[in-house]
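So the sequence shown is numbered by this note's numbering: it starts at -19 and just counts up by one.
In this text, a Cβ means the ideal position worked out from N, Cα and C, and glycines have one as well.
These numbers come from a predicted model, not from an experiment.
Shown next, in C-alpha cells, is the structure this report addresses.
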Amino acid sequence: MLKTLDRADIKGKKILLRVGYDITLKKEGDTWVVPDDERIRATLPTIQYLLEQGCAIIVMGGWIGRPKPGVVEEKYKMDPVARRLAELLGKPVKKFDETVGKAVEEAIFTIKHGEIIMLENTRFNKGETEADPSLAREMAKLGDFVVFDAFAQAMRVHASTTGILENHRSTSCVGLLMERELTVLGQILKSPMEPFVVVLGGAKVSDKIAMVQNFLDKVGIVLVGGALANPFFQAKGMDVGGSLTESVFVDEAKGVTYNAVEIAKTLLSNTARKSVPHELIPFTWPNGERVALSKIQLPLDVIIAKKKPDGGFFDKTVVIKKLNGQQKLCNNDEAILDIGHTTSFVYNEVIKRGRTIFWNGPMGYFEDFNFRDGTRSIANAVADSNGFSVIGGGDTEGVIAKFNLAGRFGHVSTGGGASLSLLAGEELAVLKYLN
Ligand code: 3PG
-19 MLKTLDRADI KGKKILLRVG YDITLKKEGD TWVVPDDERI RATLPTIQYL LEQGCAIIVM
41 GGWIGRPKPG VVEEKYKMDP VARRLAELLG KPVKKFDETV GKAVEEAIFT IKHGEIIMLE
101 NTRFNKGETE ADPSLAREMA KLGDFVVFDA FAQAMRVHAS TTGILENHRS TSCVGLLMER
161 ELTVLGQILK SPMEPFVVVL GGAKVSDKIA MVQNFLDKVG IVLVGGALAN PFFQAKGMDV
221 GGSLTESVFV DEAKGVTYNA VEIAKTLLSN TARKSVPHEL IPFTWPNGER VALSKIQLPL
281 DVIIAKKKPD GGFFDKTVVI KKLNGQQKLC NNDEAILDIG HTTSFVYNEV IKRGRTIFWN
341 GPMGYFEDFN FRDGTRSIAN AVADSNGFSV IGGGDTEGVI AKFNLAGRFG HVSTGGGASL
401 SLLAGEELAV LKYLN
C-alpha cells in the first residue's frame, strides 16, 4: 500500500520536499526565465497542504537537464524556478547555491514553521547520478521527514531519489501529485481500451527506445516521430546526416549502456511480421496511395533544412522529402526537423481510430515556426480524438500551452520517462521505499 500524505505524521516538522522541476529555461536578455511553469504548479497542492500542517519546507527540485557532474552551468540553475515558485505562492522562497553543506544545514537549523527554502540542482554534485551513499546521507539529513512528489524523476536511481529514501524508510511518503499520477496512470495502463495507439517522439532517444519492446504486446501501433525516428532510419541503413541522434546513453547508477540503433534494429526485426489491428487502418489515404502500416510506423516523409554555422536553420532551405526507398535523407550540414504532411495525414487517421491514445514527445523542433506543423497536427488529432488520451513529458506539456489545448486531454502527466516506464510495466525505482 502506498504511503500517502494524509496518513503521515508531519505536523510542524521540517520537511524535505523532493519535487521534479526539470524545466528547460529560456534566456530573455540577461535573465534566465521559466517559460512553462506547469511542473511547478503541479506541486502547489502538496506545498499548500504542508504549510497548512505548520511545516517548514526544504524544497529539493532535483535536476534541470543533464549537466556534467561537478560543473555548474547558468542554464541549469534553480534560481528562476525559485523566483517563479515564490510568485505563485505569494511568499518568499530563499534559494541556496548549494544542495548540501554547512550553509544549507545552518539555515535549516533555524528555519521556522511556514518558511520555505530551495536547494540547487542536485546533478551539480558529483555522486548524484551514481547514487553515491555518502551524498545521499548528506541530502537525507536536511529534513525530519521526506515527502516525495517528483513523479517525473521517480524512475531514476540517484542520490536524491532512491538514495534519500533509503535513509528515510519510516519517515517518508508520496506527495499529492505523485499519488494522483500513480492512481490515474495505473488504472489506464492496467486495462487500456483497445485499440491502443502510442505516439512517440522527442529528443531523449536512447532510454525511451529501450522501453519500447516492453510495451509492444499491449499496443496496436506505435507512431514514431521527432529525433526518436532517427535511430530507426539508421537501423534501416539510411543516412540522417546532421540530424539529432543520441546513439549511446549510459545509466551510471544501473550500470547499463543503451545503443539506440542496435535496439531499433531488433525492434524492427521483431515486429516485421506483426500486423496492425484492422480498426486502426484508414479508409482514405493521401493522393489515393495505399500505405502498408507497420506495428512500429516510421514517418513517410520528413522536413529538412540546412543548419546555420552558429545554430538555427536557414528558412529558405526548408524542403519536404519523401522516404520511398531513399538511403540518403540529408547531408551533414542539414537536419530532419519535422514529420511531413503525408505522415501527419496518416498519423491523424490512425489516432482518430484509437480508443486509448498515449502521446509522449513532439514530432520535431516545434519551438521553431518552420517546423511546428507536424507536432501541431498531432496535438490537435489527440485533443479531438474520442478515445481516452494521456500525454506526458516536459516538452509535450509545452506543446499544450503553445497550441492553446489546455483541458482537451484525458490526463496530462508531468512525467515523460516515468509514464513510459509505467506503460512498459516497470516499477518506478523509488516505489521500493514508498509502499
Ligand atoms: C524528465 O524531465 O523527464 C526527468 O527529469 C528525467 O530526466 P533525465 O532523463 O535527464 O534523467
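The ligand 3PG heavy atom lying under 8 angstroms from the CB of residue i
i	result
residue 43	yes
residue 418	Limits of the chain in this structure are -19 at one end and 415 at the other, which puts residue 418 out of reach.
residue 398	yes
residue 133	yes
residue 136	yes
residue 429	Summary: the structure shown does not reach residue 429, with the chain confined to residues -19 through 415, and so no result is reported for it.
residue 373	yes
residue 187	yes
residue 235	no
residue 46	yes
residue 0	yes
residue 395	yes
Sheet register partners of residue i (DSSP bridge)
i	result
residue 391	370
residue 315	285
residue 98	39, 75
residue 230	237
residue 152	126
residue 219	308
residue 204	180
residue 61	DSSP, once it has assigned bridges, lists no residue as partnering residue 61.
residue -3	39, 127
residue 277	203
residue 8	11
residue 142	The partner list for residue 142 (beta bridge, DSSP) is empty, contrary to what the question assumes.
residue 265	Paired residues: none, contrary to the question.
Burial state of residue i, where buried means 16 or more other Cβ atoms lie within 10 Å
i	result
residue 107	buried
residue 292	exposed
residue 28	exposed
residue 131	buried
residue 90	exposed
residue 82	exposed
residue 264	exposed
residue 249	exposed
residue 294	exposed
residue 259	exposed
residue 158	buried
residue 365	buried
residue 342	buried
residue 195	buried
residue 191	buried
residue 325	buried
residue 254	exposed
residue 417	Summary: the structure shown does not reach residue 417, with the chain confined to residues -19 through 415, and so no result is reported for it.
residue 306	exposed
residue 299	exposed
Cβ neighbours of residue i in the same chain (closer than 8 angstroms, five flanking residues each side left out)
i	result
residue 389	362, 363, 369, 370, 371, 380
residue 228	186, 237, 238, 239, 240
residue 309	213, 218, 219, 220, 221, 223, 282, 284, 301, 303, 316
residue 59	12, 75
residue 439	Only positions -19 to 415 of the chain appear in the structure, and residue 439 is not among them; the question remains open.
residue 68	17, 20, 21, 24
residue 384	none
residue 114	107
residue 245	215
Other residues of its chain near residue i: CB distance less than 6 angstroms, five sequence neighbours each side excluded
i	result
residue 73	62, 65, 66, 96, 98
residue 178	199, 202, 338
residue 172	336
Residues near residue i in its chain [Cβ-Cβ closer than 7 angstroms; skip 5 each side]
i	result
residue 53	47
residue 333	175, 259, 260
residue 120	144, 147, 148
residue 33	-10, -9
residue 410	128, 134, 141, 142, 145
residue 15	6
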